[in-house]
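Undergrad: Line by line, the protein sequences are chains A, B and C.
Sequence positions in the first sequence follow my numbering and run -18 to 272.
Sequence positions in the second sequence follow my numbering and run 43 to 290.
Sequence positions in the third sequence follow my numbering and run 108 to 412.
The structure under discussion is supplied below as structure tokens; questions concerning it will follow.
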Amino acid sequence: MLGYTILAGLLFGLYFSLVGLGLNLVFGVVRIVNLAHGDFLMLGAFSAYWLFSLFAVSPFISVVLVFVGFSIIAWPLYYLLVPRLMATKDPEMLSLILFFGFSQVIEALATIAFGTSDRSIPGRALHMGPCRLFGQNYPASWIVGAVVSAAAVLFIYLYLYHTTKGYLSRAVMAHREEAVASGINVNRVCAIAFSIGVGLAAAAGVFAPFIFGSINPAMGVNITITSLTVIVVGSLGNPLGTVLGGLTYGISLMFMQTYFSSWANLLAYVMLILILLIRPSGLLGRSVRYA
Amino acid sequence: MYPEQPPGNGEPLLRIEALVKRFGGFRALDGLTFDLMPGEIVGLVGPNGSGKTTCINVISGLYSPDGGDVIYHGRPISGMPSHRLVQIGINRTFQVPKPFPTLTASENVRVAAAHGRCDCTAVDVDALLASFELDCYAGRPAAELNAGQQKMLDLARALATGPSLLCIDELAAGLNPAELVRVAERLRELARSGITLLVVEHLMGFIDQVTDRVIVLNAGRGIFEGPLRGAVTDPKVIEVFLGTENGD
Amino acid sequence: MPRTMRHILVALVPVAAMALLPLVYSNQLLLFNFVVFMILAQGINVIYGFTGYLPFGYFGFFGAGAYGFAISIMHLRMTPLPALGMAAIAAVVLALVLVPLFRLSGAYFAIANLAAGLAVYQVVSNPSLDNITKGPYGISLPAVFDPNFSYGIALVLLAATMMTVIYLRNSKFGLSLQAIRDDAVSAAMAGVNVVRLRVMAWLLSAVIAGLVGGVFAWYISVFYPQTVFSLDFSIFAIVFALFGGMTTILGPIIGVVILYGIYNLIGISTPQYFELVYGLLIMGLVLFQPNGVVALFKRWGIDVP
């Protein structure tokens, strides 16, 4: 039982790292809180659903299509919203309100388009049976979610640490003013980070129907809060810390569900508050932000 | 509880004793020691990163020191919160002025007057603004003032709390020559009225005009104390400012 | 006329209007909801407008007040007015527990506060607390149901909240809070006890939300945990107050009248279309008029306090 709980927590946790990764990249580089993050994930999930239902596209192909598609959509969206936001008095705080409004718009449009009912993709879409690891069976979707997430994290790592653009992103993350002063096109760097962040959210959504069982247009809010938990635990503004946050969250969730199931829903919130109070910089954070 | 008049009989107003402040492995202050006598104007000079601003930040309670002591009126005050220090007569200005941008110039000063030392007489906010040529901006939000005016507002706000010790961080940078002369005169006036001034400054001309003596800092330690004239001929000071390769 | 006097007269207008409207308009529940949002928007004004802390979890105080009221009625057999006192106490206790959140700044505070509100909701609605809170099954208080009386108390609360904001606008306390909001370090250097004043403003806004939560529970007398612990109360109140204009006296009221008015015109019949309009409105507000409509009036030369 214990071994199963831990391994299941790790698999789940890897998936949750992917769920939070985009949000953290956006916060780290752009310094805004994209409260519509969960809604982009929902849109990614519906894209995968329609791609499978209408054209029988396998989720393994959808994930690439969805990532590219949403990254492209996010690019003009960035220039439409963020530069104006940055000109206001308190962009970080107002970003919460702006993107809350945006999440309402997405949820409303999705409800109008798809209705309120739950949808799911049959598990056979993955063409895999349950996998056996260390003598226990795990649903194929968990393994697939974990593997894809690991790949996405690797992709972000390579981008941040082994490309010029990634190098600039890290410069903007570390010292925004100095980055501006040294002639970096901060707006462009931010737009790229925003695009990748939204793309990652949507890509995570492709596997949401399997991991969560079903999807609906109102799922965004809870996903956003879970993502916030994951990235705050890992460390806000440090995309790679997200993995640690995701794993911590996944394992804790599995433990709660196994041993204190009636209180499991409380976990995300309590963890979020405790981490913020005890170690506001997150498990991997360096710069602490006190008032 | 704190005597209002200077202690006299040669007692220093402020004594800095072997002060240490670390940031990670870096020692911004490394055993700094000096005294300030009542009514004195002392310049704190040294190359960038030598610990001048850190010293002021510790004195004004923004940082608590990792070692050593700050003694004010004979009592240790290190670790006290800033607003308490303000109320016993310690204040400072900022290198980059920090007014309350959405409040008017007059409100900026009124906040300070309302919370400053309870024992000082009611502050005439308008007169204080006028003495810094801010009276015509009294009703304007501080965000609309230019950098020089904001610096003066910083100073006015600090004075509204009725300080005995005022630390001034880089006031002269960015002021024009005429303003410099006026500010220098103003600071000497403050000292004559009994306020002790600790002035951090890069402009040596300004330091020369204003201060009685200077303390030269390098790597968080004092390396010279005395009149500026003496500092410029001191071999250790020359070495720090000009580098060793200028030697033989 | 002195400024404070003028402010008080202006503030009486919405209170009087909400007192007279039931005589000519029969949907008292709708009017009551307007009053509730006016009070909440002013509560947000106190904490966000004057200190700059965005309380995403403000609904937690509202819910704590509603449950403090209901539990006092159900288990302590109190009458409604003392139970309202308990509602305020419940909110204050929650606010005191959350005081450490003030160590966080900006978005961190907003997120932690949101989590706190949701955590309280999860605790209150948990089936294992059935015998205290009735868990997810909801609360019914038929014995104290009295719409006219509770409507009257809501009006008193509205008046008191307006007076609180007027006090903040015209006092040393309010000025010092704005100084802290603008620059906490400079405020400390002006001799302001930053921590104490912030906590006082926090408790003040929590009391307002707790009391209005209690009155809400009293007025509707049948509700579920998700009725009162709804993120909508935070978001609506924040958007209403922001739309009208923070740190002003009438701004939040104007915001409620306009936006909650629109909500009731189109929101009930077609919620998803309202959500769409509402979302677009929020975005437009942040991008084009972040200082609210009162600032717009000012630019046109109309001075609204």
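Ideal Cβ positions, reconstructed from N, Cα and C, are used throughout, including at glycine.
1. Within 10 angstroms of the Cβ of B/His125, are there 16 or more other Cβ atoms? Answer buried if so, exposed if not.
2. Can you give the Cα-Cα distance for B/Glu212 and B/Gly116, rounded to whole angstroms?
3. B/Gly190 by DSSP, collapsed to three states: which one?
4. Starting from the beta carbon of C/Lys279, find every residue of chain B whose beta carbon is closer than 9 Å, and list them in chain order.
5. Checking 8 Å against the spacing of the C-beta atoms, do B/Ser148 and B/Val167 come in under that value?
6. Residues of chain B with CB closer than 8 Å to the CB of C/Asp290, please, in chain order.
7. Between C/Leu318 and the rest of its own chain, which residues show a CB-CB distance below 7 Å, the 5 nearest in sequence each way excluded?
8. So what does B/Ile83 bridge to, in DSSP terms?
9. For my contact list, C/Pro249 and C/Tyr326 are in at a C-beta cut-off of 8 Å; report their separation, rounded to the angstrom.
10. Leaving out five residues on either side along the sequence, give the residues of the same chain with a beta carbon under 6 Å from the beta carbon of B/Gly110.
11. Chain A partners of C/Pro332, CB-CB under 9 Å?
12. Looking at chain C, is there any beta carbon in it that lies within less than 8 Å of the beta carbon of B/Thr146?
13. Can you tell me the Cα-Cα spacing of B/Arg255 and A/Ser(-2), whole angstroms?
14. Spell out whether any CB of chain B is found under 8 Å from the CB atom of C/Asn300.
15. Please determine, among C/Ile239, C/Ile115, C/Ile389, C/Ile180, the residue with the shortest C-alpha to C-alpha distance to C/Phe252.
16. So what does DSSP say about B/Ile98, is it helix, strand or coil?
17. For A/Ala132 and A/Val49, I'd like the C-alpha separation in whole angstroms.
18. Report buried or exposed for B/Asn288, applying the criterion of at least 16 other Cβ atoms within 10 angstroms of its Cβ.
19. Below 8 Å, how does it come out for the segment 226 to 234 of chain A and the segment 40 to 57 of chain A: are there three or more Cβ pairs, yes or no?
20. Taking only beta-carbon positions, decide if A/Met74 is within less than 8 Å of chain C.
21. Nearest CA to the CA of C/Tyr165: which residue from C/Val364, C/Ser337, C/Leu403, C/Gly358?
22. Counting along the chain, where does the beta strand (DSSP E) carrying A/Asn118 start and finish?
23. To the nearest angstrom, how far is the alpha carbon of C/Phe395 from that of C/Gly352?
24. Figure out for me which residue from B/Glu82, B/Leu104, B/Pro139 has the closest Cα to the Cα of B/Ser235.
25. Counting contacts by CB-CB distance shorter than 8 Å, is C/Ser328 in contact with chain B?
26. Which chain A residues sit within Cβ distance under 8 Å of C/Asn255?
27. Smallest Cα separation from C/Pro207: which of C/Ala198, C/Ala197, C/Ala214, C/Ala219?
28. Counting only C-beta atoms, is C/Gln229 closer than 8 Å to chain A at any point?
29. Determine the DSSP secondary structure at B/Gly197, reduced to helix, strand or coil.
30. Would you kindly check if the distance between the Cβ of C/Gly320 and the Cβ of C/Val335 is under 8 Å?
31. Helix, strand or coil: how does DSSP classify A/Glu159 here?
32. Measure the beta-carbon distance from C/Ile389 to C/Val346 and round it to whole angstroms, keeping in mind my assumption that it falls under 8 Å.
33. Which full runs of the alpha helix (DSSP H) of 4+ residues lie inside the segment 67 to 99 of chain A, going along the chain?
34. Considering B/Val62, what are the terminal residues of the beta strand (DSSP E) in which it resides?
35. Which bits of chain C does A/Gln85 rub up against, with CB to CB less than 8 Å?
36. Under the rule that 16 or more other beta-carbon atoms within 10 Å means buried, what is C/Gln285, buried or exposed?
TA: The relevant details are as follows:
1. Numbered from its first residue, the second sequence carries residue 125 of chain B at position 83. When all chains shown are included, B/His125 counts as buried.
2. Counted from its first residue, the second sequence places residue 212 of chain B at position 170. Counted from its first residue, the second sequence places residue 116 of chain B at position 74. Distance between the alpha carbons of B/Glu212 and B/Gly116: 28 Å.
3. Position 148 of the second sequence, counting from 1, holds the residue named residue 190 of chain B. Looking at B/Gly190 - three-state DSSP - the assignment turns out to be helix.
4. Looking up residue 279 of chain C in the third sequence gives position 172. Correct list: Arg152, Val153, Ala156, His157.
5. Your numbering for residue 148 of chain B matches position 106 in the second sequence. Your numbering for residue 167 of chain B matches position 125 in the second sequence. A contact, by the Cβ cut-off of 8 Å.
6. Your numbering for residue 290 of chain C matches position 183 in the third sequence. Result: Lys140, Pro141, Phe142, Pro143.
7. By 1-based counting over the third sequence, the position of residue 318 of chain C is 211. Within the same chain, C/Leu318 has close Cβ partners Gly172, Leu191, Ala194, Ala195, Leu264.
8. The residue given as residue 83 of chain B occupies position 41 in the second sequence. In DSSP, B/Ile83 forms a bridge with B/Leu239.
9. Mapped onto the third sequence, residue 249 of chain C falls at position 142. Mapped onto the third sequence, residue 326 of chain C falls at position 219. Actually they do not touch by this definition, with Cβ atoms about 13 Å apart.
10. One-based indexing of the second sequence puts residue 110 of chain B at position 68. Glu59, Ala60, Leu61, Val62.
11. Counted from its first residue, the third sequence places residue 332 of chain C at position 225. None at all; the shortest Cβ gap to chain A is about 12 Å.
12. Here residue 146 of chain B corresponds to residue number 104 of the second sequence, with the count starting at 1. No - not a single Cβ of chain C is within 8 Å of the one on B/Thr146.
13. Here residue 255 of chain B is taken as the residue at index 213 of the second sequence, counted from 1. Here residue -2 of chain A is taken as the residue at index 17 of the first sequence, counted from 1. B/Arg255 and A/Ser(-2): Cα-Cα distance of roughly 60 Å.
14. Position 193 of the third sequence, counted from the first residue, corresponds to residue 300 of chain C. Interface residue, yes.
15. What you label residue 252 of chain C is simply residue 145 of the third sequence in a count that begins at 1. Residue C/Ile180 is the option with its Cα nearest to C/Phe252.
16. On the second sequence, residue 98 of chain B is found 56 positions in, with the first residue counted as 1. The answer is helix: DSSP assigns B/Ile98 an H, G or I state.
17. Locating residue 132 of chain A in the first sequence gives position 151, where the first residue counts as 1. Locating residue 49 of chain A in the first sequence gives position 68, where the first residue counts as 1. The alpha-carbon atoms of A/Ala132 and A/Val49 are separated by roughly 15 Å.
18. The sequence position of residue 288 of chain B within the second sequence is 246, counting from 1. For B/Asn288, the predicted structure reports a pLDDT of 44, less than 50, and the residue's modelled location is therefore unreliable. The matter cannot be settled from this model.
19. no
20. To locate residue 74 of chain A, count along the first sequence from 1; it is residue 93. Closer than 8 Å: yes.
21. Locating residue 165 of chain C in the third sequence gives position 58, counting from the first residue. The residue with the shortest Cα to Cα distance from C/Tyr165 is C/Ser337.
22. Your numbering for residue 118 of chain A matches position 137 in the first sequence. Residues 117 to 119.
23. As a first step, residue 395 of chain C is located in the third sequence; it is residue number 288 there, counting from the start. As a first step, residue 352 of chain C is located in the third sequence; it is residue number 245 there, counting from the start. Taking the straight line joining both Cα atoms gives about 13 Å.
24. By 1-based counting over the second sequence, the position of residue 235 of chain B is 193. B/Ser235 has its Cα closest to that of B/Glu82, out of B/Glu82, B/Leu104, B/Pro139.
25. Here the question's residue 328 of chain C lines up with position 221 in the third sequence. No, no contact with chain B.
26. In the third sequence, residue 255 of chain C corresponds to position 148, counting from 1. Those do not exist, as C/Asn255 stays about 35 Å from chain A at its closest Cβ, beyond 8 Å.
27. In the third sequence, counting from the first residue as 1, residue 207 of chain C sits at position 100. The option with the nearest alpha carbon to C/Pro207 is C/Ala219.
28. Working through the third sequence from its first residue, we reach residue 229 of chain C at position 122. Yes, C/Gln229 lies at the interface with chain A (some Cβ there is under 8 Å from its Cβ).
29. Taking the first residue of the second sequence as position 1, residue 197 of chain B is located at position 155. Checking the sequence, you will find Leu at residue 197 of chain B rather than Gly. Note: B/Leu197 maps to helix in three-state DSSP.
30. Residue 335 of chain C sits at position 228 when you count from the first residue of the third sequence. Residue 320 of chain C sits at position 213 when you count from the first residue of the third sequence. It is a contact, given that the beta carbons lie within the stated cut-off.
31. Within the first sequence, numbered from 1, the residue matching residue 159 of chain A stands at position 178. Helix.
32. Within the third sequence, numbered from 1, the residue matching residue 389 of chain C stands at position 282. Within the third sequence, numbered from 1, the residue matching residue 346 of chain C stands at position 239. The Cβ separation is near 6 Å, so the contact holds.
33. 72 to 95
34. Taking the second sequence and counting its residues from 1, the one referred to as residue 62 of chain B is at position 20. Note, B/Val62: beta strand (DSSP E), 56 to 65.
35. Stepping through the first sequence from its first residue, residue 85 of chain A is reached at position 104. By Cβ distance, chain C contributes Glu382, Leu383, Tyr385, Gly386, Ile389.
36. Indexing the third sequence from 1 puts residue 285 of chain C at position 178. Buried, because 16 or more other Cβ atoms sit within 10 Å of the Cβ of C/Gln285.
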